[in-house]
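*Asks:* Handing you a structure now.
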Amino acid sequence: MSATVRFATREDVPAILDLIRELADYEKELHSVEATEEKLLSTIAFAPSGRDASTTTEPISSSKPARCLVLTTPEGIKAGIALYFYNYSTWRAKPGIYLEDLYVKQSERKKGYGKRLLVELAKEVVAMDGGRLDWSVLKWNEPSIKFYESIGAVMQSEWVGMRVEGERLNKLASMLD
């Protein structure tokens, strides 16, 4: 018996939140986590409970822009998640996927689970005739960088990430008022 990967259901939310917190703790940012079960329930497009969880989710929208894959071990442990949303390449005129978070419990690593989650996302990009699968990794996270390079990912050193959040976002939004 092997691990299973399926779309998350509402019943997975406590486990998803635990994995998000474990990831934040690994990245030394646990204090930054604002996610709650209620927020996840209102922002992720979930699959229905039961057998259909492997093939479909609620429609995505501006208020529910994300989907989540959950990996369960043969022993029934929810050991990994891939939380993602759709993006678009203007130069290629093609859709793609942005992987917001990939996380596998430390006790379940080196079993191919991270690769399995990435393969499932890659299959989705290929199935929609998409252009690419994107994600970010912290510069200090050498084990992850080496893993990503081993599966064919290429570091995008010519790009610098930019972000506006919090009060700066509010200021930008009202800049021309």
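The sequence shown lines up with residues 1 to 177 when you count with our numbering.
Beta carbons: idealized from backbone N, C-alpha and C, even for Gly.
From alanine 191 to glutamate 58, what does the alpha carbon distance come to, in whole angstroms?
*Replies:* Beyond the ends of the chain as shown, which are 1 and 177, falls residue 191; an answer cannot be given.
*Asks:* Just list the beta strand (DSSP E) runs in the segment 90 to 138, keeping only unbroken ones of 3 residues or longer that don't cross its boundaries, in chain order.
*Replies:* Runs found: 94 to 104 and 133 to 135.
*Asks:* For isoleucine 44, I'd like the list of residues in its chain whose CB is within less than 6 Å of its CB, leaving aside the five on either flank, ordered along the chain.
*Replies:* Locating residue 44 in the sequence shown gives position 44, counting from the first residue. The answer, listed in chain order, is Ala66 and Cys68.
*Asks:* Quick one: is leucine 169 buried, meaning 16 or more other Cβ sit within 10 Å of its Cβ, or exposed?
*Replies:* Reading the sequence shown from its first residue, position 169 is the one you call residue 169. The residue is exposed, with fewer than 16 neighbouring Cβ atoms inside 10 Å.
*Asks:* Quickly, what does DSSP pair tyrosine 86 with across the bridge? List them, please.
*Replies:* Here the question's residue 86 lines up with position 86 in the sequence shown. In the DSSP output, where bridge partners are listed per residue, tyrosine 86 has Ile97.
*Asks:* In whole angstroms, what separates the C-alpha of leucine 172 from that of glycine 161?
*Replies:* Against the sequence shown, residue 172 aligns to sequence position 172. Against the sequence shown, residue 161 aligns to sequence position 161. In a straight line, the C-alpha of leucine 172 is about 18 Å away from that of glycine 161.
*Asks:* What's the C-alpha gap between glycine 130 and leucine 99?
*Replies:* Position 130 of the sequence shown holds residue 130. Position 99 of the sequence shown holds residue 99. Distance between the alpha carbons of glycine 130 and leucine 99: 14 Å.
*Asks:* Around the C-beta of isoleucine 151, are 16 or more other C-beta atoms found within 10 angstroms, so that it is buried, or is it exposed?
*Replies:* For the purposes of this step, residue 151 is taken as residue 151 along the sequence shown, with counting starting at 1. Isoleucine 151 should be labelled exposed.
*Asks:* Who are the Cβ neighbours of alanine 15 in its own chain at under 6 Å, not counting the five residues just before and after it?
*Replies:* As a first step, residue 15 is located in the sequence shown; it is residue number 15 there, counting from the start. Answer for alanine 15: Lys78, listed in chain order.
*Asks:* Taking leucine 17 as the reference, which of Leu30, Leu118 and Val5 has the closest Cα?
*Replies:* Residue numbering aside, residue 17 sits at position 17 when the sequence shown is read from its first letter. Cα-wise, what sits closest to leucine 17 is Leu30.
*Asks:* If contacts are defined as beta-carbon pairs under 8 Å, then aspartate 101 and isoleucine 20 qualify, I think. What distance do you get, rounded to the angstrom?
*Replies:* In the sequence shown, residue 101 corresponds to position 101, counting from 1. In the sequence shown, residue 20 corresponds to position 20, counting from 1. Confirmed, about 7 Å.
*Asks:* Give every residue of the same chain whose Cβ lies closer than 8 Å to the Cβ of leucine 41, excluding the five residues on either side of it in the sequence, and list them in chain order.
*Replies:* Mapped onto the sequence shown, residue 41 falls at position 41. Only Arg10 and Val13 meet the Cβ criterion.
*Asks:* Taking all protein chains shown into account, decide if alanine 8 is buried (16 or more other Cβ within 10 angstroms of its Cβ) or exposed.
*Replies:* Reading the sequence shown from its first residue, position 8 is the one you call residue 8. Counting Cβ neighbours within 10 Å, alanine 8 comes out buried, since at least 16 surround it.
*Asks:* Please give the ranges of any alpha helix (DSSP H) in the segment 8 to 74, keeping only runs that are unbroken, at least 4 residues long and fully inside the region.
*Replies:* Whole alpha helix (DSSP H) segments, 4+ residues: 13 to 26 and 37 to 43.
*Asks:* Helix, strand or coil for arginine 163? Go by DSSP, reduced to three states.
*Replies:* Start at 1 with the first residue of the sequence shown, and residue 163 comes out as number 163. Coil, per DSSP.
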